[in-house]
Each structure stands twice: as C-alpha cells, then as structure tokens.
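The block underneath contains the structure these notes are about, expressed in structure tokens.
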Amino acid sequence: MINLFLGLSPILALGLGGMLLMLAEAFGSPAGAEGRTHTGEVVDAGAGRGTELGLIAAVILFAGAVFSASLWLVGPESLPEVSKVAPYLIIDRFTVFFAFSLCFGGGLVALLAAAYLPEHKIDRGEFFPLLIFSTLGAIALAAAGDLLSLFVALETMSLGVYAMIGLRRTNPRSAEAALKYFLLGSFAAAFMLFAGALLYGVTGHTDLAGIGAAIGELKGAALDERAGMILVATMLMLVGLAFKISAVPFHMWAPDAYEGAPTPTTGYMAGIVKSAGFAVLLRVLFVAFGDTRIMSWGSGWPPVLAALAVITMFAANAMAGRQESVKRMLAYSSIAHAGYALVGVVAASRGAEAMGAVLFYLFGYAVSTIGAFGALLWAGRRGLEAVSYEDLAGLGRRHPAVALALSFFFVSLAGVPPTVGFFGKFTVFQAAIDVELYGLAVVGLINSVIGAYYYLKALVYMYMREPRTGAPIAQPMESGLVIAALAIAAVVVLGAGLCPDQLLSVVSQAKLN
Amino acid sequence: MELLTQLFPASHFSLLGLILILPLLAAFVNGVFGKRLGREAVTLMGLSAIFAAFVGAVITYLMLLGHGEHGELVRFHFNAWRWLQLEGVGDALAFRAVPLDVAFSVDALSGTMALVITGVGFLIHLYSSSYMAEDPGYYRFFAYLNLFIFSMLVLVLGNSLPILFVGWEGVGLCSYLLIGFWFSEDQNASAGKKAFITNRVGDFGLLVAMGLLVYYVGALDWHGIEVGRNNLLQPVKVWPVADSVPIAQLLPESLAEAISKPRYASAATLVCLALFLGAMGKSAQFGLHVWLPDAMAGPTPVSALIHAATMVTAGVYLLCRLSAVFVMSPMAMAVVAGIGAFTALFAATIALVQNDIKKVLAYSTLSQLGYMFLGAGVGAFEAGFFHVLTHAFFKACLFLGAGSVIHAMHARIHDTNDSQDMRNMGGLLKFMPATAITFAAAWAAIAGVPLTSGFFSKDEILLMALKSKVTGPATISGGQHRVVLENFVWPEWYSGLLYAMGLLTAILTAFYMSRLVIGIFLGEFRGWKIVPNWVDPHAQPASGAHDDHGHDAHAAAHDEHDDHAHHHHEKPGVEHMEGPTPHESPWQMTLPLWILGGLSLFAGLLNAHLIHIAPLGHFLEPVFAEASKSVEAPEESVESFKWIGAAIAVFIAAAPGIGLAWYTYVVKAGRPAAEAAAKFPRLHAFLSDKWRVDEFYKATILDIVDSLADMCVWFDKWIVDGILARASAFVIQAAGAILRQFQTGRVQAYSAVLMFGLLGVGTYLVLPHANVREHFDHASGVYKLSAAPGLGYKYRWDVDGQEGWDGGDKFGNRTEATFQLKVDEERVIRLEVEGPLLITSRYEKILVRPRPDASSAAVTPQKPEEKSAAVQLPPGHPPTRAGSAPDAKGTL
Amino acid sequence: MDTTIESYMLLSSVIFVIGAIGFLVRRNVLVQLMSIELMLNSVNLLLVSFNRLHTGNMVGQAFAFFIIAVAAAEVAVGLAIVLQLYRLRGAVNSDDATTLRH
Amino acid sequence: MTPGLLLFSVCSLLCVGGALFTVLSANPIRSALGLLTTIFGIAGLFLRLNAEFLAAMQVLVYAGAVVILFVFVIMLLGPTAKLIPARGTRSFLARAVGGGLGAIAGVFVISLLVSTKEHAFPIVGKEHGTVEAVGRQIFEHGLVPFELVTALLIVAVVGAVAVARTAHKKSEKPKIQNPTVRLFHGPLLARDAGRPLDGRTLQERYESEKNA
C-alpha cells in the first residue's frame, strides 16, 4: 500500500495540499475583509492574503516536483503496486517526467501569481486552489491510460484554467478571453468525447492499450466495416488534441485567451497546459493509434501532423511578426513552438528515439516561456504595464536587470546557445534528420530564423530605442517572489543548456516504450 | 595538506570550479545589482572574489608542488560536465566520436599562469578601486574586470581547445568593452573596431586549427592531442587546391608545369601555422599588431592588466601549452621565431620616438611579446614562459606607475592626451617618490640591469636564440600519396640572425625606457607653463623642437577645466609656481606598485639559470618534457662558460642603451635626439608613423576590401536584400496580414476555421495515398518498391512489364514489389491503392535503367581493384576527396 | 430497427451534428452552451448503445455517467463566465466580444 | 409495431425534434425546453437500451440540475438574454461559413459511420444496466476516475464562485482616471482606443463617472 502511495505521491501531494490551501483560505485571518488596502483603496472581499496563499501553493507544487523527482530516483517500475491504478493512471517514467515538469512549472507560476495578483488588485485566494487542482488534472492527464480518466482529467485541468482566466472579474477582456476559450474548448472536448465513444464502439475497450491492441487485430471484413468509424474517431481525436496544443488551424482561441488572461495564467497556459496537451497527445497517438496502419509514413496521422506542423510554424511566425503587443507576440510564439514540437512527434512515429527529443523540447520550452511571461509581468506595475514593444523602449538602460531577464528568456525561446531552447530545437531537428524527414527539419530551421526576428525586435526596443517623448513607459514592479521565480527558471534554462547530457539521458528513459 | 588532497583528489579537482566561479559571481552581482549596491559593496565584492581566487590558486600551486617530486607531469583534472559529443558523419572524422567536455585542468604551466592572473589581477583591482573612484561607471568597470579575470582563468585552466576558445573570446569581449569604457568618440570606436577585426582574423586561425585537429588527431583536449599528435606527421597537399590549376593551360609549358606541380606540407605545419595565426591575433605580433597600441585608450589599470600582463600573453601560453605539437614542425617554429624577433625589433624602433607614455609602454609591450615568441620559437618554451612571468610583473608595474603619473598630472591637466605626454612632465621624482622608485625598479628590470628579473629572463631567451634549434622528426612519410617530406632544417645563419635582432632590441629597449624614465622623473617639471598667466621664470625652452606647438591647445584645454583645478591643494613650498602641484597617489595605488616593483627586481631568482637557481625551471620541466625531445639545446653544465658570455652580452646591451639615453637626454638635454630627428626627418617620420603599417593596410588590404565591400554592398542591396530578404519578408508580412483577417475576435469565425481544419484532416484521412518508397540500385538492376501501409488499404501492382495488373484486377495485400531490369530497359510501373471507402489512388512511374557510363562512374561505388590503384591509406586515416577523385578518374 | 446498433449510431450522430451546427451558427452564448450539451448527450447515447453491444462489462455506462458529471461541472463554470460577461457588457452575444483580435 | 420500436420511434422523434428546437428557436427559454425534450428522449432510449440507472441519472442531473441552471440564468438575465441586435455582415458571414462547413462535416461523418450492414444487439441478462452493475463497475474498477471527479467538482465549484461571485459593492466599477488609462481597465493598444469595452465608449464612461 505504501508503494502505491509513493507511486501516486505527486498527485496525492497536490490533492491534499489543495484541500489544505482551501481550508487556509476559508478559515485564515480575513485580512482584507474591510476591503481596504494600506493605500486606502477599496478592494474585493477576501482579498489581501494572496501572497501568503501563493507561497503555500508554490511550496505545495514544488513539493509535488520533489516527490516526482524522488519517484524518478526510486523508479516507478520497482513499485509493482502502482499497477493497481492502471490503466486509469499509468505511473511510468513518462508520467513521472511530466509530473515533475508540470509541478515545477506550476510552482513557478504560483510564485509569479503571488506577486502579480496583489500588485494588480486582484488579490483573490481562489486562484491558488484552482492552480493546484488544475495542475493535478494536468498530471492525471499525462498519466491517463484510459479514456475515462483522460476526459475527467482534461476537464479538471481545463475548468481550472477557464476560471483562472476569468478571475479578473471587473475586466471585460478577461471575461472575453475566458468565454472564447471555454466555448471552443468545450466544443473541441465534445469532439474528443465523440471520438472516444466511437473507439469504444469499435473495440469494446476504453483503455488506450486495449484500443490499440484491438485495432491492431482488426482484419478482413471486420476491418472493412469499422474502418469508417476508426477514421472518424482518428479525425475527431486529432482535432481535439490539436486544439489543446493550439496547432494551426485549431489555434484561433489561443492568442485571444493568452492576451486577455492575467499574465501568470497566460504563462500557465503556455507552459503547463500545452505540455500536458502534448503528453496526452503522445500517449493517445502512440498507444491507441500506434498500429502501423494508422501510424504509417504514407497515411494515417503522421502526415496530418506533419502538415499541421508546417502550417503551424509558418502561420504562427507570420502572425507573431505583426503584433504590437509583446504578450500577444508571445502567444503566437507559443503556437509556433507547438509546431516545432510537432516535428518531433512526427519524427517519433518513425523512430522511438525522437520522443525523447519532444520531451526535452517541451521541458525547455515550458520553463523558458514561463520565464518569459514572468519577466514580462516583472516589467510592469499596476497601470504601467509592459504591453507593447513601445513600452519596452529603453528598458535596458532604465532597468538592466529586468531587461536582462526578458532578453535571456527571449533568447532561449529563439533558440540561441547556450540556453535550453537551442538544445531543444537542436535535438528535435536532429531527430527529424535521423529519420530522414529532411523537409520538416528544413522548414523548422527556416522558421526558427523567422522566429528570431520578433524576439530580436523586443531586444532592439529594449536596448537600442528610446521611448518617444510623452509615451507611457513600463515601470517594473518590485517583488522578490518574481525575482526568485525567474532566478529558478534561469538556472534551469542555463543549466540544461550548459549540460544537456543529463537531461537528455533523463528524457531518453522517459519516452514511451 | 593531506586533508586538501582528500578533499580535492587529482582526478576531480573541484577547487578549480571554485576558483572559476568566484570572479564570475562577482561579475554577475556587480553587473546586475552594482548600481544599487553602492561603491563600497562593489569594491568589497570585486576585491574579495579575486583575492579568494588568488588564495585558491596558491593552494593549488602548493598542492602541485607537493605532488611533483618525481619529475613527472602532475596535472589535476576537474571534469565539470559533458558538453557535447561530436558525432562523425561517415568517415569524415578520424575517430567516430569526439567528446567535448567542459573540463578544466591545472599543471605547472597553467598553475603559474593562474597565480599570475589572480595575483596581479588582485593588485590591479586594488589599484583601480582608487584610480576609478570618481567614475560614474565604477560598478560596470568592476563587473567587466571580474568577468575578464574569469574569462582569463577559463582560457588558462581549460582542458581543451574549445574551452580555451571560450575564454579566448571572453577576454576579447572584455577587452573590447573596456577599450570603449570611457569614450564614445570616433577614435575610440575605431580602436575597438580595429581590435575586433584583427582578432577575428586570429580567431579564424584558431577555429581552422581546431577543425584540423579534430580531423587528423580526433581529440581536442591536451592529453588527447599529445597522445595522438603523431597523426599529424602526414603530408597534405596544399597546392593546387583543386585537381588542377585553372590557368595552367594558358601559360608556357615549363611555367605551367612548375605551377601545377603538387606541393605538400605536413599536417603539423598547417595546424601550427593556424594556431600561430590565432596567437598572433591575441598577442599582437607583427601583421596583426595594429590594434594593441590603439587599445591603450582604455583606463590605465585595464592597459596594465589586459594589454600588458595577462591577455596578450595568451598567445604565448597557447604555444607553450601545445609545445608538443609545435615542435613537430620546424618550419612553423622558424616562422614563430622569425616573426617574434622581427616584432621585437620593429616595436622597439617605434617606441624610440613616441611621446605619449602609454604609447611607449604599449610598443615596449609589443616588443617584449616578440621576445617571448622568439624564445618559444627556438624551442626554449621555458625561457619564453619565464619572460611572460617577469614581464607581467614589470610591465604591470610600469603601467600602474604610468597611471599614477597620469593621475598626478590630472591635477594640472585634464586633457587625456596631454596628461599622458611626457613632454609635459619631468622632475616628478620630488613630487611622487614612491611612484618614481617603483617605476625605476621596473625600468631596471625591463632594461636588463643585471640581477633584476628582466635580466635573467631576457638573457636566457637570447642565449637560447643562439644555441637552441628545433630539429623535429627526421622525415615525414606515408599519407595518401606516398609522399616523403624531407624535414625542414633551419639554416645555419638563422640562429645568428635571431640573436642579433634580439640583441639589438635589447639595446634599443634600454635606450627608450631610459628616455621614458628620464623624461618623466628627472629634470624640471614642464607642466607649469600650461597654467594661464604663468610666466616662465627661466624663459628657456627645455626640450627644443617640441616645445612650441601645443601650447595653445594646452591652455585651451585647461580653460575648460579651470574650476576643476582649484579643488586640488597647493603645495606651500613652491610659491613661485602657480597652480596645483602633482601629488603622490593614495596607498591603494602605491601598495601594488611597491609589490610589483619588488617582484620586478627579485622574481628573476625563480629561474636564474646563470647562477644555477632555477626552481621554476625544474617545476616546469615535465610540462615541456615531450617538446624538449625535439629541441637541440645547450647542456647547462657543459656550457656554463657560454652562459656567462651571453650574460655579459645582455649587460653590454643594457649598459650602452642606458648610457646613451643618459647622455642624450640628461647631459645634452635631448638635443642630440632633436638633431637626429632633424637630420633624418624621413626616418623619424617613418618611426613616428609606426612604420606606416596602418597606412599600408589602408592602401592595400583595406582598399581591396573596400572595393570588394562595394560589390558586396551592391549584391547585398539588390540581390540579398532586394530579392531574398525583402521578398521573403514581404511574403511573411503579407501572410500575416491575410491571416489577421481571420483573427476577427469572433468565436464563430474561430469555430468556422476549426471546422475547416477538421474537414481538411478528414479528407486527408479518407483519401488513400499511394506513397511508395523506392530503392533503386542501377548498378545491379534490382528495383524494390514498398507501399505505405494504411488502414483498410488494398493494393494491386503492375511491375512485370506485361499488360494489365499482376495477378488479375483484384486488390490484394501485397505491399512490396521487387523486380529486375536489364540495361537500358524501360518499364512502366503502376500501383493502385484502394482505401476503406473504395476510393483509389494511383502511383505511376517510368523506370529506365541507365547505362553505366564514365560520367556516372564517379558516383557508383568503385570496385576493389580500382580502389587499390587509386589510393593506399594507412589504417585509421580517412580518405580525402581532393586526393582520390582525380586518381579514380585516371584509371577508368 | 430499434434492435440494431446502426440506428442508434445514426440517431446519435444526427443529434451531435445538430448540436455542432447550432454551436456554429448561433450567437447567443446560452444557446451555444446548450448546443454543447446536445453534443455531450449524443455521446452518452452512443456510449450506452455501444455498451449494449459490448456486454462484458458496464464500462460504456460508467463512461456516460462520468460524462454527465463532467457536463454538469462544465455548465456551472460556463454559466459563471456568461454571468460575468453579462455584468460587464450587458449582453450575451458571443460575436460581440471582439476586443481581443488580430 | 412492437412496444420497443414504438418507444424508440417516439424517443428518436423527441430527441431530434428537441435538438432542432434548441438550435432554431430565437428565445433561449424555448431552447432550454428543447434541450429538456432531448434529454427526456435520450433517457427513454436509455430505458430501451437496458440502462435504467443511467436513465435515472440523465433525468436527475440533466433535467434536474443542468437545465434548471440554464433556466435560472436565463431568468436572471431577463429579457436581455435574447436581445441580440445583429451587427454587420462579418458575423453573419462567419456563421454562414461555419454552418456550411459544419453541415458538410456532418454529412461526411454520418456517411462514414453508418453502413448498410446492420448489427443486432445481443441478448443481455437482467443485471445489465442496473444500479448494482453500474455501481460495481464504477466502484470496483473505476475508483480512480471517480476520485478524480472529486477534483473536477472542486475545481468547478471554486472556479464558478471565483468567476461569478459579485465583487465588493464599492469596487464593482473600477475608477477610471482618464479616457486613455491603459491596461486592463482600458485599451491595451492604440487601435482599441474609443472602442466600446463594456457597451459604452471609454469617453462616455469617463464623462458619466466625472458627473457622478
């Protein structure tokens, strides 16, 4: 039994921690009950404890990461009892890797939010339980080996995110972003559910491995009868998954939702939700649709994903270059990054080694992008946020540390050595070349060059432009929490870039067999 | 000591990590938070980090000494992490995989260097804390300085060429930043640019060397290179570059034959010359030296640390580090020694006529660097390296002393150029005795006054130049062309020439350094006259020709800074002179001077072969053990008579130089110099213009580059920018603009696009795809096709050349087809795939098996006997394309 | 007719398609939400009828049970967002919320 | 016509009719009624498919909770819930294209799914679809997703409260200092200046607050 608890420790830690946090929120001292801050401004009831709750949430999430790391060291395969929760939750190294990276990213977001929410007078205790339970859903999603738990986990994660976007109640943008994401997300989830029902109908199984095996056994007349159903299921499932990872043309919600959401939530969506989306995409496609006839190089989902990857990279980079808002640019860049990762997924359909590259890419991307959003929110205080490129003009001279943080994470996202972003791209394109996907690798390379343009544009504004006279300029907020979060992220980004070997060996163990 | 040994085992000597990380940490903290931390905290952070690194270096050194009792090479390793594994593509690399580690190591050579870097570095930090105290960019300065120390330590302690290269670039970056630290004027910007470009040429050499080493040796770390260096003993065809010389047919026959005759050089020569190109760039040897004098625009402590004591010696360090490789090519060594000797002489002549004290010191640095290369070039690595050490002491002392003088002169003169002009100085001995005494000590060392450090180091280099020779391996044979290269032998007269140049340089050095000291410290202070309303009580020009010009400029310069001048105290004892007097510097500046001055005098005892006290030499011996096997050097015991003879020669060199200077500038008050300048105006101008090297570059290379650049600009403007960049940018922009129209913000539009994507995916999945992988082997005529599998796919093939589908019209499960074609046979291949919805897709191709003719022979694999006729390879060596292609053609 | 899986599949996919088209063409957020409910209901119907085919266990019905729970949770959050939007904009048109675009 | 077929026919008609009613009616309250009809139809079909327990759940949760929630919100919003003045052709275009594509996709999906060959349901035992059988399935085999649902419900409750809870009275409308105040209380980008964010232009809002 203890082995089972150990195997589930990241999930249990988040669940229990989330409960405790809600208790703390409910029965803690009502600091903001009077509805006035020290500056005398009237604020929401229940406000004022955001920082403490955020710190507790960060501790819980980092504890989840520590549990995941120790679980990795123990080795989930040495815990036979975890098979009791299979196939609903499959505790393998793939899961543990994602559990770590999701908890770690969630912890960073909690630190950022703990500073951001009080600064922007949306000091709401609800954010942090939502964050924790949503992360729990994300981990369960990465672990899910059965359609049942997969959908429940998916909804747990998504509902938390919808609420975290709509948290800024007095702001029409926030509501609009939440609405768009919610409507389209539910629509896409309905597609996935329909696909799941069809798969159940074809195979009689809801667990992914069973579905995969049953499809593999289909032959002759039975296959002829059910091929249509499998194709529809594949199509709808692909659409649902592509929606979650915001691949073009299923991406339209992403820029709006990213822009309207409070910045920590944006970082969460770009880093955590996308990682979890890729986790479930990998597991579903490789386990349930792993039959050579669907995972074929000539037909089935790999060519579809290859086409999506190409469109995604080009469209997202073209759009990102035209943005005036840095936040929205980052939103498009996160779409483009989904394209790069998809290149790795397609490569993995030809050789399992490439899946390690995808995991490496996702980890590096998640930390870099959370860092980038964190640096962006660091650059602005209430009423003086850094939104457009213009706001960043001359930041390098006025606030070198902030500008350094922003440029550092931008550089990592652009894929410049010695950051983890470079090695992410390097390993993914290398993997594509290894399986002779030269075209995809070349398209990826071209796009990373195009992509470098808009990151550099931000750097140019920060270091080589001066703000126009009278133009509003961003005023960085002062918060140790943000600095701590960014320092942790920077250490990881630089560390994984300087010694990628350790991480590479980890991801090569973490890939699905 | 045991505790330390246990704590830091030789194989995992993590102390190095500590030594490295401290300056980096300080640089980071100072750079990012320095503005907020305040001056004291920045000083404390910068100084303590460097001092801690110094203590670490001392401990390391003591541990090295403790290990090194048996005369064998002691090296401590610290393997931080595995950086990358260079995978060879095909047979391109000598070894399949070259690991690139972030690894550091320390032995006698790098340990000594680390000691000097941190020790001298600390003194200069201390000095800067006072010198730069008033600067608004104080924190930035310290951050750069700390970063420089870090980079330099990486350079020295790196265990492989790539790591060294990281440090190499790092010090270059810091130097670049510090040159441009104060000024944003054109002159300094162009100085920075010049440094950048010339160093780039050198870096190119280093990169080429790395590539060649990976190719031939298959290793980049010191140990690997030393072990595999014998692989460098193979001839490489260097001419003609391609198969033949293109214009040879147009020339007369005999000339054509001479031109197109293949020439070979050993791989070792190529590697060494490439490495030396890198060393030349960083150590400013003749040809790539133009940046160093201009780099003196930076703050004086920077000149002392970077452009005299440490960074510029990196080239010598590289030579010593890879001494085992260099001695394999006597030809390359001859080039090294020749360029070194020439640089020494060349720079010394320029230094004769400079008036800016920092310029004098800059050219003397060039000259001394030439000495070092001379020493290393003749195989006396130990002597060359010892000169690095002593030079670090006395040149740092000289520069810091010069800084102190300039600091003092700023009491009166606020113009940068004038405050450094020795014509405005003189008689400073009585105002700043500490500076004068220490400066004199360093002067004694550089001039080669007997028993000072410079005397011993220079003496040994000169002696070795006369006696030592690089013999190298006897012959170089093998390689892919069965060429035997005769070993290059140094001509008899070469050693004599090197010796003569060295000796002449020594005389000149003594002369111009004496001139400098006399000009600064002796005689009357000539800076009074530039204070307004000051009347010269003696009314007598002090230094002839130079006096008149510039007076107005000085006055003007002072006008601007008049109010500044009044802040300085006035000395009561000299009432008849107006204006503030120069004053001695604070202790933070004089303490380093005393220490360095002392070292300049006595550090020679570390390696005084002349009097048979050479602890450093014995300590370094194992490092150069491999290299010294290929060097013919005089035996110390047998030739001790000659040692004394050579020592006398140095003394003789120093004495007339000093004497002549004394006579010219003190006894005759500079008149002979002025006369000489008047008598040989062209020579004087030639020397003042630094041999017109810059002008030469301008006239030749830069003009060529300019016209090339014009062409490139045209190409860039119309082709690259106009067609490629703008067109592609336009396409991207337009695509963005179109896509934006869909991003209307309406949920309905978004879901419509989503449906569009869904239909696209669905259509692709439903339609069957007749994708075929082709394996064509034209040589054997076997053709294999395999069709992509798909859900519910059925196939029918037509590959047999007959009408109709193979095996009837029914679709089957056959996914592969193999068939054979005769030469020149043409066949239509068809495949039809039926999908689950009975939709079909078709693949059709007309296949022709080509005739195996001569033109395609080059790409077809060669048969064994052809291969043997073409090239014989020694095992383990990859074939080079340049060699094999023409031979293969010839046999067919 | 009522005893073949095909009729249930047809019925279920018709409801699903009606729901999807309703989501695509309606501008009232509330109706769009109801369309999504229609789609989820059709999935439930499909699952239960497939469970009637694969009678070995009750996985299909359990799945449908979970979907009911998920749908209820989703509606709760969705209506909260609609309320918020209404408070801020005074309308429930989904195509009017176009501040975020391009 | 057997009773089973009758049930099936009636329920199918209810389902499809209700679905069409939901989608087509202009008044959301009627849409809710249409949804209710469909839900009851499906519950009837569940009975036909030997899924008594699920039929009960369907009625309880959907009709009893979800539709009631819808109706509650529609009532709360009052007449504005249906007041949607059309604005411009762009929205219409998007919806027409979306609907068209959806219809095509629907035909596509249905034609792929429904084959001419029919498969009859096998005969099942009495326990199929009973509370006990489904309960055993959920609690013996599917305990993990069941536990996960608790997390889902917590998220839903907390999320709904966080989003919908009315703000403190005084801070309900943020103070607008001037029309161009940036960020989340105003336009982020220049192109948005002067555009309505909450039905009014910022200028109007500014004026009204100044007067108040």
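Keeping their order, the protein sequence lines are chains B, A, H and Z.
So the working numbering is basically just the index in the first sequence, starting at one, shifted up by 5.
So the working numbering is basically just the index in the second sequence, starting at one, shifted up by 7.
So the working numbering is basically just the index in the third sequence, starting at one, shifted up by 56.
So the working numbering is basically just the index in the fourth sequence, starting at one, shifted up by 47.
Beta carbons: idealized from backbone N, C-alpha and C, even for Gly.
I92 of chain H does not reach chain Z, its nearest Cβ partner there being about 10 Å away, counting only Cβ pairs nearer than 7 Å. Taking 7 Å as the Cβ-Cβ cut-off, the stretch 65-79 of chain H approaches chain Z at M65, L66, L67, S69, V70, I71, V73, I74, G75, A76, I77, G78, given in chain order. Look at the stretch 402-454 of chain B and you find these whole runs of alpha helix (DSSP H), each 4 residues long or longer: 405-419, 425-439.
With contacts defined as CB atoms closer than 8 Å, F111 of chain A and G165 of chain A qualify as a contacting pair. Considered as a whole, the stretch 171-195 of chain Z harbours 178-183 as its complete alpha helix (DSSP H) runs of no fewer than 4 residues, in chain order. For R837 of chain A, the uninterrupted beta strand (DSSP E) run begins and ends at 833-841, by DSSP.
Linking L184 of chain B to F117 of chain Z through their CA atoms gives a straight-line distance of about 16 Å.
M104, Q105, V108, Y109, A112, V113, L116, F117: these are the residues of the stretch 102-117 of chain Z whose beta carbon lies less than 8 Å from some beta carbon of chain H, given in chain order.
The Cβ neighbour count for H210 of chain B, taken over all protein chains shown within 10 Å, is at least 16; the residue is labelled buried.
For Q755 of chain A, the secondary structure class from DSSP, reduced to helix, strand or coil, is helix.
Against chain B, the beta carbon of P75 of chain Z has no neighbour under 9 Å; the closest one sits roughly 15 Å away. Per DSSP, the continuous beta strand (DSSP E) segment holding D784 of chain A begins and ends at 779-784. DSSP, read as helix, strand or coil, puts F518 of chain A in helix. Near chain Z, meaning a CB-to-CB distance below 9 Å, the residues of the stretch 741-753 of chain A are T751, R753. When only Cα atoms are considered, F400 of chain A and A681 of chain A end up about 33 Å apart.
Within chain Z, the C-beta atoms nearer than 7 Å to that of S758 of chain A come from G145, in chain order. Contact with chain H is absent for Q809 of chain A, since none of that chain's Cβ atoms lies less than 8 Å from the residue's Cβ.
Closer than 8 Å to the CB of F132 of chain B there is not a single CB belonging to chain H. A distance below 8 Å separates the beta carbons of W302 of chain B and R355 of chain B. Classified as exposed, L262 of chain A has fewer than 16 neighbouring CB atoms from the shown chains inside 10 Å of its CB.
Fewer than three beta-carbon pairs drawn from the stretch 838-845 of chain A and the stretch 782-789 of chain A are found closer than 8 Å, and the two stretches are therefore not classed as touching.
Its chain contains I232, G235 as the residues whose beta carbon lies nearer than 6 Å to that of A226 of chain A, once the 5 sequence neighbours on both sides are disregarded; these appear in chain order. Put simply, the CB of Q827 of chain A is far from chain Z, with every gap to its CB atoms at 8 Å or more. A contact is defined here as three or more CB-CB pairs under 8 Å, and the stretch 236-243 of chain B fails this definition with respect to the stretch 161-171 of chain Z.
Looking at the DSSP output, D710 of chain A bridges to nothing. The DSSP assignment places complete alpha helix (DSSP H) segments of no fewer than 4 residues inside the stretch 111-155 of chain A at 115-138, in order along the chain. The CB of L766 of chain A comes closer than 8 Å to the CB of L148, I151, A152, F155 in chain Z, given here in chain order. Chain-ordered, the chain H residues with CB closer than 8 Å to the CB of L67 of chain Z read I74.
When 8 Å is used as the limit between beta carbons, T270 of chain B is near no residue of chain H, the shortest such separation being about 14 Å. The beta carbon of V115 of chain H is closer than 8 Å to those of N107 in its chain, skipping five residues each way along the sequence.
For A202 of chain B, the enclosing alpha helix (DSSP H) covers residues 177-208. Following the DSSP letters along the chain, one finds V855 of chain A in no alpha helix (DSSP H) but inside the beta strand (DSSP E) bounded by residues 847-855. Contact between A391 of chain B and A398 of chain B does not hold, since their C-beta atoms are separated by about 10 Å, which reaches or exceeds 8 Å. Of the candidates Z:L61, Z:R95, Z:G81, Z:N74, Z:R95 places its Cα closest to the Cα of P50 of chain Z. Per DSSP, L792 of chain A lies in no alpha helix (DSSP H) segment; the continuous beta strand (DSSP E) that holds it begins and ends at 789-794.
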